[in-house]
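Here's the structure, in structure tokens; my notes come after.
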Amino acid sequence: MSTPDLHLTQLQTLEAESVHVLREVAAELERPVLLFSGGKDSIVMLELARKAFAPARIPFPVMHVDTGLNFPEVLAFRDRRVAELGVELVVASVPDAIAAGTVKQEPNGSRNRIQTPVLLDAVEQHGFTALFGGARRDEDKARAKERVFSFRDEFGQWDPKNQRPELWDLYNGRIHLGESIRVFPLSNWTELDIWGYIAQEQIAIPELYLAAERDVVDRGGMLYAVNEFITPRDGETVVRESVRYRTVGDANLTAAVRSTASTVEEVIAEIAVTRLTERGATRGDDKVSDAAMEDRKKEGYF
Numbered sequence: 001m002s003t004p005d006l007h008l009t010q011l012q013t014l015e016a017e018s019v020h021v022l023r024e025v026a027a028e029l030e031r032p033v034l035l036f037s038g039g040k041d042s043i044v045m046l047e048l049a050r051k052a053f054a055p056a057r058i059p060f061p062v063m064h065v066d067t068g069l070n071f072p073e074v075l076a077f078r079d080r081r082v083a084e085l086g087v088e089l090v091v092a093s094v095p096d097a098i099a100a101g102t103v104k105q106e107p108n109g110s111r112n113r114i115q116t117p118v119l120l121d122a123v124e125q126h127g128f129t130a131l132f133g134g135a136r137r138d139e140d141k142a143r144a145k146e147r148v149f150s151f152r153d154e155f156g157q158w159d160p161k162n163q164r165p166e167l168w169d170l171y172n173g174r175i176h177l178g179e180s181i182r183v184f185p186l187s188n189w190t191e192l193d194i195w196g197y198i199a200q201e202q203i204a205i206p207e208l209y210l211a212a213e214r215d216v217v218d219r220g221g222m223l224y225a226v227n228e229f230i231t232p233r234d235g236e237t238v239v240r241e242s243v244r245y246r247t248v249g250d251a252n253l254t255a256a257v258r259s260t261a262s263t264v265e266e267v268i269a270e271i272a273v274t275r276l277t278e279r280g281a282t283r284g285d286d287k288v289s290d291a292a293m294e295d296r297k298k299e300g301y302f
């Protein structure tokens, strides 16, 4: 009789860890919510949540902090996936907050910083005590500092020097009135792990992640696709390039990368030899300063 192989693969181990975190939060915290933008990380996180509670429905709503500058393909995917799973969608609208005068548009066109008060207002309005986010430690130095359970004070602020230990995957979810937790089930995943899981589970993704011929303009070495938010400036030339997106943030500040990877398998082969993170390669709103991400997280950014 042969001995069965009881070793878990890398992806099976990561999946088990993430499912454990999702279930732990659902058991410990009164009102969790999953932040879902329609990007690849939140897509994987939503699939893990589906698996964690199957055959029952996901026992918490999903929330999108809508900047009003999203790629239409991503919004369409978001709505379709939420409808398929039958979960409640909460939309926290930055344009509505701008119109109401509670936040003010920044001159550089980025709405990253003004997402924070909109997010915090939605947390208070709905009484959310835990927010699942799709951040990974390999994305940014600030995110590498963060625990799986990241505690926020009554003002939604994060103190990187004041975090609870997480020994042996034991998580302390106790909070005081007014406090909340950001929870990151994908902390230990890498971009390559995300794509490997998408391939393994045959998860649908927005078409922007796959290479296609698109009209782009080159701004400081970054390729921005021409769309309703990006129009050529004086002196800029529109060129046709085979490009894809490694991450999908706001359409006015997220650049594409040259690529011929038109299938998930080809994307995996491409990512395997890359030495630059997707945010570093494509997110214009993260180039304000080396500490841009950490500054926003201290203010309450997810």
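Heads up: the sequence shown at position 107 corresponds to 107 in UniProt numbering, and the numbers run straight through without jumps.
For every residue, glycine included, the Cβ atom is placed at its ideal position computed from N, Cα and C.
{"Check": "Could you give the C-beta distance for Leu11 and Leu131, rounded to a whole number, given that I count them as a contact under 8 angstroms?", "Outcome": "That pair is no contact at about 25 angstroms."}
{"Check": "Output needed for Ala291: all residues of its chain with C-beta closer than 6 angstroms, excluding positions within five of it in sequence on either side, in chain order.", "Outcome": "At Ala291, the pLDDT of 48 sits below 50, so the modelled position is not reliable; the number obtained from the coordinates is stated separately. Same-chain partners within the cutoff: there are none."}
{"Check": "In whole angstroms, what separates the C-alpha of Leu46 from that of Asp234?", "Outcome": "42 angstroms"}
{"Check": "Given a threshold of 16 other Cβ atoms within 10 Å of its Cβ, counted over all protein chains shown, does Ser289 qualify as buried or as exposed?", "Outcome": "Confidence in Ser289 is poor, its pLDDT being 48 and thus under 50, which makes the residue's placement unreliable; the coordinate value appears in the next sentence. Ser289 is exposed by the Cβ-count criterion."}
{"Check": "Closer than 7 angstroms by C-beta to Arg31: which residues in its own chain qualify, once you throw out the five before and the five after it? Chain order, please.", "Outcome": "Gly127, Phe128 and Thr129"}
{"Check": "For Arg136 and Leu186, what's the separation of their Cα atoms in angstroms?", "Outcome": "6 angstroms"}
{"Check": "Entirely within the stretch 230-263 and at least 3 residues each: give me those beta strand (DSSP E) ranges in chain order.", "Outcome": "239-244"}
{"Check": "Residues in the same chain with beta-carbon distance under 8 angstroms from Arg57, minus the five sequence neighbours each way, listed in chain order, please.", "Outcome": "Leu85, Gly86 and Val87"}
{"Check": "What's the C-alpha gap between Tyr245 and Val267?", "Outcome": "10 angstroms"}
{"Check": "Under 8 angstroms between the Cβ atoms of Val257 and Val25?", "Outcome": "no"}
{"Check": "Short of 8 angstroms in beta carbon distance, which residues of its chain neighbour Glu278, apart from the five on each side in sequence? Order them along the chain.", "Outcome": "Glu139, Glu191, Arg246 and Thr247"}
{"Check": "Counting along the chain, where does the beta strand (DSSP E) carrying Ser93 start and finish?", "Outcome": "Leu89 to Ser93"}
{"Check": "Measuring straight from C-alpha to C-alpha, what distance separates Tyr197 and Arg174?", "Outcome": "32 angstroms"}
{"Check": "If you draw a straight line from the C-alpha of Thr13 to the C-alpha of Ile194, how long is it?", "Outcome": "13 angstroms"}
{"Check": "Do you know whose CA, among Lys51, Ala76, Phe155 and Thr67, lies nearest Glu17's CA?", "Outcome": "Lys51"}
{"Check": "Helix, strand or coil: which one does DSSP assign to Arg219?", "Outcome": "strand"}
{"Check": "Taking the alpha-carbon positions, what's the Glu179 to Pro160 distance?", "Outcome": "16 angstroms"}
{"Check": "By the 10 Å Cβ neighbour count, where 16 or more other Cβ atoms means buried, how is Asp286 classified, buried or exposed?", "Outcome": "Model confidence at Asp286 stands at a pLDDT of 49, short of 50, so the residue's coordinates are unreliable; what they give is reported in the following sentence. Classification for Asp286: buried."}
{"Check": "Hey, out of Arg80, Trp158 and Leu22, whose CA is closest to Thr116's CA?", "Outcome": "Trp158"}
{"Check": "On the DSSP bridge assignment, give the partners of Glu213 in chain order.", "Outcome": "Ser242"}
{"Check": "Taking the alpha-carbon positions, what's the Val82 to Arg164 distance?", "Outcome": "33 angstroms"}
{"Check": "Sorted by chain position, which residues of the same chain lie with C-beta nearer than 6 angstroms to Thr260's C-beta, five sequence neighbours on each side aside?", "Outcome": "Ala211 and Ser242"}
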